[in-house]
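To keep things clear, I will list the structure first and then write my remarks on it.
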Amino acid sequence: MRGHSQGRQNETRVLDFILLGFPGSLYLKSFIFTLFLVMYILTIMGNLAIIILVITNRRLHIPMYFFLCNLSFLEIWYTTSIIPKTLAIILGRSRSISFTGCILQMYFVFGFGSTEYLLLSAMAYDRYLAICDPLHYSIIMDLSLSGKLAFSSWLCGFLVICIPAFLITRLSFCGPNVINHFYCNIDSWIVLSCTDTYVMEMADFVISIIVILCPSLITFISYIYIISTILRIPSTKGQRKAFSACSSHLAVVMIWSGSTIFLYVKPSKQTSLEMTKIVNILNTIVTPLLNPFIYTLRNKDVKEALRNCFHWR
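So this is what it looks like as structure tokens:
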């Protein structure tokens, strides 16, 4: 009985983890640190500028830009949940992270990621109504519905991640405690666990299907109707105007969906962590940086609001 108790204690003795970050020389790490810091600052500034622009410009007080405000707010916190710790790791400081801290980081990273998928599908539905049913758009997509869709996206996005977070607390970690990543990822927990992870892997796979593929299917179907409606518009000018209203959103969806489907919709997590680390850079750093610039460069209303704000001609 005593031996069994000691074995149980040995199984759960790991109370903190070490994040490896990125290997390489001091010069390479200095370059990565500078690059990540610049991208982080630009991400915060770009998304904050979008939020301020939408709030201060009455012309942008419509559901499309209400969703964009939510998306920009999400991107700020999504990158903040990863980058500051990553910068400390690259510098060689604070590489260790407690079990609780690792769980919390994983929860917020994946909570924000799940919310983004749901928000993007809500934005696709908004564009579908605006282009395919313009006469009833203002009646259907009013302030009440857009608020409910945004609130539901945030609520469901964070509730669904409670399941893998709870399952991780049921796993045992008896060493090693080194995570070959720059943040606490579900894959890393599974690789390090010294107990059976089948339930965890299957739950993660099912949640990935629900969170990623279901909203992506809604977005895909919406754009089938949107494109078919645009192609039926008789004038080329009308087609360009309709397409410009949704091209920014479509570009963001394609970048975000491509990287996350590669990362998370797979039955087994025992895959190359180096490969997932590289794709995660695109997913967690590059995409949040690109979003405000995509919406600024591809959206006439936002560009007009920027010109008015800075009195450009």
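This note's numbering applies: residue 313 is where the sequence shown begins, and numbers increase by one.
Note that beta-carbon positions come from the ideal geometry of N, C-alpha and C, so glycine has one too.
- Approximately 5 Å separates the beta-carbon atoms of MET435 and PHE379; this is inside 8 Å, confirming the contact.
- Within the model, the alpha-carbon separation for ILE538 versus ILE498 is close to 36 Å.
- In the DSSP assignment, ASP328 falls within the beta strand (DSSP E) that extends over 328 to 331.
- Within a 10 Å sphere around the beta-carbon of ARG371 sit fewer than 16 other beta-carbons, which makes this residue exposed.
- Of all alpha-carbon atoms in VAL564, ILE519, ILE362 and PHE605, the one lying nearest the alpha-carbon of CYS468 is that of ILE519.
- Annotation for SER456: the continuous alpha helix (DSSP H) segment containing it runs 455 to 472.
- A residue is called buried when at least 16 other Cβ atoms come within 10 angstroms of its Cβ; ASP328 does not meet this threshold and is exposed.
- With 16 or more neighbouring CB atoms inside 10 Å of its own CB, LYS397 falls in the buried class.
- The three-state reading of DSSP puts ILE409 in strand, counting E and B together.
- The segment 506 to 519 makes no contact with the segment 547 to 556: fewer than 3 CB pairs, one atom from each, lie closer than 8 Å.
- MET351 is positioned such that its CB atom lies closer than 8 Å to that of LEU601.
- Segment contact: the segment 390 to 405 against the segment 480 to 500, three or more CB-CB distances shorter than 8 Å; contact assigned.
- Take TYR419, set aside five residues on each side of it, and the residues of its chain with a beta-carbon closer than 7 Å to its own are ILE473 and ALA477, in chain order.
- When the beta-carbon positions are compared, ILE606 and ALA563 come within less than 8 Å of each other.
- When DSSP states are grouped into helix, strand and coil, ILE593 belongs to the helix group.
- PRO335 places its beta carbon 8 Å or farther from that of TYR429.
- When beta bridges are read from the DSSP output, VAL490 appears opposite ILE330.
- Excluding the 5 residues flanking it on each side, TRP389 has same chain C-beta neighbours closer than 7 Å at PHE424, in chain order.
- Here the C-alpha atom of ARG405 lies approximately 36 Å from the C-alpha atom of ILE521.
- ILE452: member of the alpha helix (DSSP H) spanning 446 to 452, first to last residue.
- Excluding sequence positions up to five before and after THR596, its CB lies within less than 6 Å of the CB of ILE394, all in the same chain and listed in chain order.
- Per DSSP, reduced to three states, the secondary structure at THR391 is helical.
- With respect to ASN603, GLU387 sits close: the two C-beta atoms are nearer than 8 Å.
- In this model, SER337 and GLN417 are separated by some 27 Å (Cα to Cα).
- By the Cβ-count criterion, SER556 is exposed, with fewer than 16 other Cβ atoms from all chains shown falling within 10 Å of its own Cβ.
- ILE344 carries a helical assignment under DSSP once its states are collapsed to helix, strand and coil.
- In the structure shown, the three-state DSSP call for THR572 is helix.
- Residue environment analysis places SER408 among the exposed positions, since fewer than 16 neighbouring C-beta atoms fall within 10 angstroms of its C-beta.
- Restricting attention to THR599, PRO488, PHE385 and LEU529, the CA atom closest to the CA of LEU332 is found in PRO488.
- The beta carbons of THR368 and SER433 sit no closer together than 8 Å.
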